[in-house]
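Student:
In my numbering, the protein residues as written are 12 to 315.
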């Protein structure tokens with residue numbers, strides 16, 4: 012299965028964060044060993060969603076509930092996929108990305124009506140300005156700068172084995188929240204509350220705040236490890252650049268902060284440019300009724 016060229020921001024919650032019914036369901040799921048790894052999961056998610064769609068793409072996918080599971084001494088931590096709800100949100104978001112008079116060309120009316128009627132789901136947390144508070148967010152062809160505000164370079168877990176490449180950061184929720192709040196405080200003071208970078212970090216901070224305090228936060232490079240060389244992955248100091256920039260801003264050195272920010276933007280800009288010429292981000296769909304072959308952008312589920 013093809014791995015999407017995407018990065019992921021995830022929250023794994025303890026069973027205590029769920030209702031009694033949902034906790035029982037996820038406990039049984041974890042004990043049965045049904046969960047797939049985060050390395051395999053994105054490709055399986057995509058496969059499940061596409062296989063659940065009909066040829067006309069006018070109904071929402073209905074796929075079985077699954078989750079990523081982290082085994083800890085204190086019990087399993089759960090990151091529900093929430094694919095059905097996130098797929099509905101992706102459809103609802105089409106109206107924000109294209110002119111209103113073109114929405115029907117991208118999503119049949121039946122599909123948008125179904126999406127509008129779907130709730131956030133049983134495992135979603137309280138809403139915030141960051142948008143729907145599900146447990147996983149997706150970014151295509153890059154890792155958003157604001158995610159790096161939650162982690163540090165020392166927390167990097169890098170694997171460079173044949174068929175098992177991976178780069179991720181895992182950090183306890185309390186530490187991630189503290190870092191995000193600090194980052195927002197510095198950005199707000201230095202750049203103003205309405206600055207886009209400050210707003211984006213505030214959204215991450217608010218999103219983290221709705222989850223259980225004993226959760227684990229993960230920044231996962233996902234499929235990006237397959238388009239980056241071993242040297243690029245070993246030398247990736249993106250979290251350090253972010254934290255150095257924040258430290259520079261805190262002492263009033265705007266020039267140094269801007270220099271680090273531009274270095275980070277330039278690094279990820281080069282990677283994102285590959286998206287324009289790479290077919291990995293598109294899917295060919297054959298419609299039997301008309302014989303048409305259409306190119307659809309990959310379903311991004313949800314991102315921020």
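By construction, the Cβ of each residue, glycine as well, lies at the ideal position given by its N, Cα and C atoms.
Could you check whether residue 220 and residue 23 sit closer than 9 Å to each other, using their CB atoms as the reference points?
Tutor: Indexing the chain shown from 1 puts residue 23 at position 12. Indexing the chain shown from 1 puts residue 220 at position 209. It is not a contact, given that the beta carbons lie outside the stated cut-off.
Student: Look at the alpha carbon of residue 179 and the alpha carbon of residue 210, and state the distance between them as a whole number of angstroms.
Tutor: As a working note, residue 179 is residue 168 in the chain shown. As a working note, residue 210 is residue 199 in the chain shown. Cα to Cα, the separation comes out at about 25 Å.
Student: Pick from 60, 77, 123: whose alpha carbon is nearest that of residue 43?
Tutor: Position 32 of the chain shown, counted from the start, is the residue given in the question as residue 43. The option with the nearest alpha carbon to residue 43 is 77.
Student: Could you work out which residue in 51, 250, 224 is closest to residue 184 when comparing CA atoms only?
Tutor: The residue labelled residue 184 in the question sits at position 173 within the chain shown. Ranking 51, 250, 224 by Cα distance to residue 184 puts 224 first.
Student: Taking the beta strand (DSSP E) that residue 147 falls in, what are its first and last residues?
Tutor: To locate residue 147, count along the chain shown from 1; it is residue 136. First-last of the beta strand (DSSP E) with residue 147: 147-151.
Student: Once the 5 residues before and after residue 191 are set aside, which same chain residues still bring their CB inside 7 Å of it?
Tutor: Along the chain shown, one-based indexing puts residue 191 at 180. For residue 191, where only same-chain residues beyond five positions count, the Cβ hits under 7 Å are 160, 161, 212, 215, 216, 219.
Student: To which residues of the same chain is residue 205 closer than 7 Å at the C-beta, ignoring the five residues directly before and after it?
Tutor: What you label residue 205 is simply residue 194 of the chain shown in a count that begins at 1. Closer than 7 Å at the Cβ level, and outside the excluded window around residue 205, lies no residue.
Student: At the level of alpha carbons, what is the spacing between residue 117 and residue 102?
Tutor: Within the chain shown, residue 117 is the residue found at index 106, counting from 1. Within the chain shown, residue 102 is the residue found at index 91, counting from 1. Roughly 9 Å between the two C-alpha positions.
Student: What's the gap between the Cα of residue 163 and the Cα of residue 36?
Tutor: By 1-based counting over the chain shown, the position of residue 163 is 152. By 1-based counting over the chain shown, the position of residue 36 is 25. Each residue's alpha carbon lies about 34 Å from the other.
Student: Can you grab the Cα-Cα spacing for the pair residue 91 / residue 56, in whole Å?
Tutor: Translated into positions along the chain shown, residue 91 becomes position 80. Translated into positions along the chain shown, residue 56 becomes position 45. Rounded to the nearest angstrom, the two C-alpha atoms are 12 Å apart.
Student: Terminal residues of the continuous alpha helix (DSSP H) containing residue 33?
Tutor: Start at 1 with the first residue of the chain shown, and residue 33 comes out as number 22. Unbroken alpha helix (DSSP H) run through residue 33: 31-42.
Student: In angstroms with no decimal places, state the Cα-to-Cα distance between residue 241 and residue 254.
Tutor: Position 230 of the chain shown, counted from the start, is the residue given in the question as residue 241. Position 243 of the chain shown, counted from the start, is the residue given in the question as residue 254. The alpha-carbon atoms of residue 241 and residue 254 are separated by roughly 23 Å.
Student: Taking 9 Å as the threshold (C-beta atoms), are residue 147 and residue 19 in contact?
Tutor: Here residue 19 refers to the residue found at position 8 when the chain shown is read from its first residue. Here residue 147 refers to the residue found at position 136 when the chain shown is read from its first residue. Yes, the pair counts as a contact, with Cβ atoms nearer than the cut-off.
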